[in-house]
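In the working numbering, the protein residues as written are 27 to 403. To start, the structure itself, in structure tokens.
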Ligand SMILES: Cc1ncc(COP(=O)(O)O)c(C=O)c1O
């Protein structure tokens with residue numbers, strides 16, 4: 027089935043035969059049993075819930091995985107993944123990463139004895155140089171947040187093949203509509219479902235998708251034990267959002283490509299990072315492993331003053347921390363998504379006081395351009 031159809035008919039609601047086109051929200055914490063040692067398939071909503079299971083099955087089918095777990099946020103999903111590791115285990119993490127993941131690694135994972143080694147995962151030699159006997163996983167975000175570096179997923183998978191190292195890919199920016207990491211050799215896919223999957227800036231969610239049953243079972247055990255699960259109603263909202271994923275991704279990425287070119291021509295904008303630009307250093311990898319460019323752009327203004335001017339003057343595009351929804355949002359990574367990352371580390375990665383990140387929404391692109399035109403005047 028084509029992925030456009032899968033977004034709408036990605037799973038079957040196994041629980042009812044009323045003919046309802048949209049499965050009901052099972053707003054229940056618990057389920058009764060017909061007798062001792064008997065179950066109707068559901069016991070307690072922290073373990074399973076039909077509405078959440080319906081959503082999980084959609085994601086499994088879109089990502090070509092074995093099993094999906096739906097979490098109360100993207101960070102809950104990343105935290106659950108990190109519980110796979112023990113003191114002394116090493117994880118190689120992409121150097122340019124969502125700030126919340128870095129905060130987790132630096133403050134919680136390290137405290138728990140997991141050693142984090144940062145690498146430019148878009149540079150195979152750097153990854154290779156960081157592998158030791160204790161390496162248990164490589165954690166990649168591609169494209170990265172916010173600098174838009176692209177990692178060759180298949181090449182990293184090949185590099186660690188046979189070494190008993192898991193490859194986890196945060197697929198938040200492109201979603202399975204544009205990129206399917208498990209088919210490229212990854213073992214686990216991570217999502218902030220808050221972003222494109224939900225698509226409406228109204229619900230927090232996160233996902234882990236496992237390719238193999240062994241990893242799925244380990245993650246599921248942690249999942250039901252820790253309990254950061256997605257509520258039935260939020261599961262319903264994300265499943266509803268996914269119905270329009272294909273059209274949203276197509277239109278938003280089309281607008282982003284137009285906007286990236288337009289920004290390039292502005293005097294006060296010095297650099298534009300968008301994976302679809304012909305001179306993006308990783309354009310060939312992107313074309314090989316993704317079927318679209320997404321709608322995330324970051325750009326560097328000529329001064330901090332211009333950054334403040336843009337943020338204060340934009341009217342349609344809202345100054346807010348998130349991405350992937352139908353409303354265009356602009357973020358100042360230095361004071362928002364990456365505020366807890368050491369200033370020196372941010373500077374090294376290009377996250378300066380002149381960098382802005384833009385999530386292009388579904389508004390008409392001419393209106394977005396008009397908004398930036400008046401903001402830059
Ligand atoms: C790439 C990426 N991964 C994970 C997360 C965390 O997701 P959440 O905010 O849903 O916890 C974010 C949030 O911005 C993100 O951008």
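By construction, the Cβ of each residue, glycine as well, lies at the ideal position given by its N, Cα and C atoms.
query	result
Same chain only: Cβ atoms within 7 Å of residue 367, ignoring 5 sequence neighbours per side	125, 128
Length of the line joining the Cα atoms of residue 376 and residue 32	38 Å
Check: residue 225 C-beta below 7 Å from any heavy atom of ligand 1	no
C-alpha gap between residue 365 and residue 47, whole angstroms	44 Å
DSSP three-state assignment for residue 244, whether helix, strand or coil	helix
Collapsed DSSP secondary structure at residue 206 in the structure displayed	coil
Nearest residue (CA-CA) to residue 403, options 361, 354, 336	336
Alpha-carbon spacing of residue 268 relative to residue 241, whole angstroms	25 Å
Chain C contact for residue 95 (CB, 8 Å cutoff)	Among the chains of the structure shown, chain C does not appear; only one protein chain is present.
Coarse secondary structure for residue 393, derived from DSSP in three states	helix
Alpha carbon of residue 8 to alpha carbon of residue 202, nearest angstrom	This structure leaves residue 8 out entirely; the chain is present only between 27 and 403.
Near ligand 1: residue 126 beta-carbon under 7 Å from a heavy atom	yes
Boundaries of the beta strand (DSSP E) in which residue 97 is found, first to last residue	93-97
Ligand 1 heavy atom lying under 7 Å from the CB of residue 366	no
Supposed close pair residue 255, residue 380 - CB separation, criterion 8 Å	That pair is no contact at about 40 Å.
DSSP-derived helix/strand/coil call for residue 125	helix
Start and end residues, alpha helix (DSSP H) containing residue 260	258-268
Candidates 176, 248, 193, of which the one nearest residue 301 by Cα	176
In DSSP terms, what residue 218 is bridged to	232
Straight-line gap, residue 102 to residue 74 (C-alpha atoms, nearest Å)	17 Å
Selection from 385, 238, 113, 231 that minimises the alpha carbon distance to residue 90	238
C-alpha gap between residue 166 and residue 44, whole angstroms	43 Å
Closest Cα partner of residue 253 within the set 97, 260, 82, 355	97
As assigned by DSSP and simplified to three states, the class of residue 297	strand
Given 8 Å, three or more beta-carbon pairs between the segment 213-231 and the segment 268-279	yes
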